[in-house]
Amino acid sequence: MSFQKDESWTILSPIEESIKQKIETVGTPLKDWNIKINRGILTGYNEAFIISGKKRQEILDNCQSEDEEARTAELIRPILRGRDIKKYNYEFANIYLICTFPAMHYNIDDYPAIRDYLLTFDKRKLEQSGEKNIDGVQGNNSRKRTNNKWFEMQDSIGYWDDFNKQHIAWKAVGKNLAFAILEPGKYLSAPASMIVSKNNEWLLCFLQSKVGKYFFMNNSDTTGMGDIMLNIQSLVKFSVPIPNPQTENKIKQALASNNFGYIDQLVYKSYGFDSDEIGFIEN
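Per my numbering, the very first residue in the sequence shown carries number 15; after that it's consecutive.
Okay, structure coming up:
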């Protein structure tokens, strides 16, 4: 192992060094793939912008015309949180996001049912003014200071249209890492994050594999409770082999039949791990 000036380093055992070398030699770091990676949506006020299925229906029922109802329904989209992401799958909790993305420049008066719903909250807290301790109450704050309007998301979210493509979502914090493919139109809340690529099934299987878990456990920060914090900076260090048609076809078939054990075997074979290295990774 070489140690470069100004680089962090750790002492690895021979088998750890062998595993590391094979991952780096066979794979290409995700930062060098032609993919897009972004975090989920940050509203700044989830209590107002993330709603139940029941509240969604109430808002739609308050629309005054079919045209308004259609416009309003288009603006309220299903959303998943990190806790909803499971290994290779997800559980939709029947919650929705009011998608007033600043990049879309909506006029809130075109959506009166949504406007009236949002105004049931203290507008001063919806404002993105950075005001602290409203009415002298400590912790009673507005959203952080931005140039966005009171009814808009906190961040600009210029990549909003990527949620309308098939994408991989991952749970950012937890003891058990979880990745899943979401269909177009499924949105995601921060701190969970997403990947948009042309090889979603291939990447999913490597990320969710035992090799992926081994890598992330050894290359990510942890909380005081021992949970892994898998941020984008840690994820893009993982080296994944470029797909080859034969293995990719096998992986797709195994994924379709939920044969996750076989997927792990295909991943081990792709990196060229021997039985000792596989045993070390699994144990």
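Where is the CB? At the ideal position from N, CA and C, for every residue including glycine.
Remember, it's a predicted structure, so these values are computed and weren't measured experimentally.
Please name the residue, chosen from the options, that lies closest to residue i on a Cα-to-Cα basis.
i, options, result
"F63", "T39, I37, I277 and L140", "L140"
"G188", "E88, K146, Q71 and I99", "I99"
"G275", "Y102, F115, N76 and I182", "Y102"
"I55", "L89, I37 and I93", "I93"
"V210", "L191, R159 and I49", "I49"
"T39", "P28, G293 and I256", "I256"
"Y282", "N272, F294 and S271", "F294"
"F115", "L269, I90 and S32", "I90"
"K158", "W174, D175 and R138", "R138"
"K163", "A84, D175 and M118", "M118"
"L191", "E291, N297, T236 and D46", "T236"
"A268", "N297, E215, L244 and P28", "E215"
"I170", "C113, I195, W184 and D136", "A small fix is needed here, since residue 170 is Ser in this sequence, not Ile. The shortest C-alpha separation from S170 is found at C113."
"N12", "W47, S66 and D123", "In the structure as shown, the chain begins at 15 and stops at 297. Residue 12 is therefore absent and cannot be evaluated."
"R70", "A87, Q78, D130 and Y59", "A87"
"R304", "C77, S156 and K179", "It is not possible to answer for residue 304, since the shown part of the chain is limited to 15 through 297."
"Y59", "S156, I25, E291 and N273", "S156"
"M243", "E296, W184 and N263", "W184"
"R85", "S66, A127 and R97", "A127"
"N245", "N263, S271, A270 and P205", "P205"
Assuming residue i and residue j make a contact with CB atoms under 8 angstroms, what is their CB distance in whole Å?
i, j, result
"F177", "L218", "Not quite, the Cβ-Cβ distance comes to about 17 angstroms (not below 8 angstroms), so this is no contact."
"R11", "S234", "As displayed, the chain neither begins before 15 nor continues past 297, which places residue 11 out of reach and without an answer."
Measuring straight from C-alpha to C-alpha, what distance separates residue i and residue j?
i, j, result
"G150", "A186", "35 angstroms"
"Q279", "I51", "27 angstroms"
"D20", "K34", "With a pLDDT of 47 at D20, under the threshold of 50, the modelled position of that residue is not reliable, and the figure given next carries that caveat. Those two C-alpha atoms are separated by around 20 angstroms."
"M108", "Y201", "What sits at residue 108 in the sequence shown is Asn, not Met. So the alpha carbons of these two residues sit roughly 12 angstroms apart."
"Q247", "Y228", "17 angstroms"
"E61", "G286", "49 angstroms"
"L111", "Q142", "18 angstroms"
"M231", "F220", "14 angstroms"
"K68", "D75", "11 angstroms"
"K266", "Y125", "43 angstroms"
"R95", "E80", "31 angstroms"
"I277", "K224", "10 angstroms"
"V250", "P43", "6 angstroms"
"G226", "F252", "8 angstroms"
"S16", "S32", "Any reading at S16 needs caution, since the residue's pLDDT is 41, under 50, leaving its predicted position unreliable; the model's value is listed next. Roughly 14 angstroms separates the two Cα atoms."
"E72", "P198", "25 angstroms"
"I37", "L132", "49 angstroms"
"Y120", "D175", "15 angstroms"
"G238", "H181", "30 angstroms"
"Q152", "E145", "11 angstroms"
"E105", "I195", "12 angstroms"
"G240", "E296", "19 angstroms"
"D123", "E82", "11 angstroms"
"G172", "S27", "44 angstroms"
"N263", "K179", "22 angstroms"
Which residues in the same chain as residue i place their Cβ atom closer than 7 angstroms to its Cβ, once the five residues preceding and following it in sequence are excluded?
i, result
"T261", "L280 and S284"
"N154", "N147 and I148"
"T160", "Q142 and Q168"
"E291", "I29, S32 and I33"
"Q222", "K101, Y102 and F193"
By Cβ distance below 6 angstroms, which residues in the same chain neighbour residue i in space, the five residues on each side in sequence not counted?
i, result
"Q18", "The pLDDT assigned to Q18 is 43, lower than 50, so where the model puts this residue is not dependable, and the model offers no usable value."
"G41", "S253, V254 and P255"
"K45", "V250"
In the DSSP assignment, what are the bridge partners of residue i?
i, result
"N103", "K100"
"N52", "M208"
"L196", "H181"
"M167", "For M167, which the question treats as bridged, DSSP gives no partner whatsoever."
"L202", "L94"
"T42", "V254"
"V187", "M243"
"L111", "I64 and R91"
"D235", "M243"
Give me, in chain order, the residues of the same chain whose beta-carbon lies closer than 8 angstroms to that of residue i; leave out the 5 immediate sequence neighbours on both sides.
i, result
"T57", "F63, I64, L111, M167, Q168 and S203"
"S289", "none"
Quick check on residue i - is its C-beta less than 8 angstroms from some C-beta in chain D?
i, result
"T237", "Reference to chain D is not applicable here, since this structure consists of a single protein chain."
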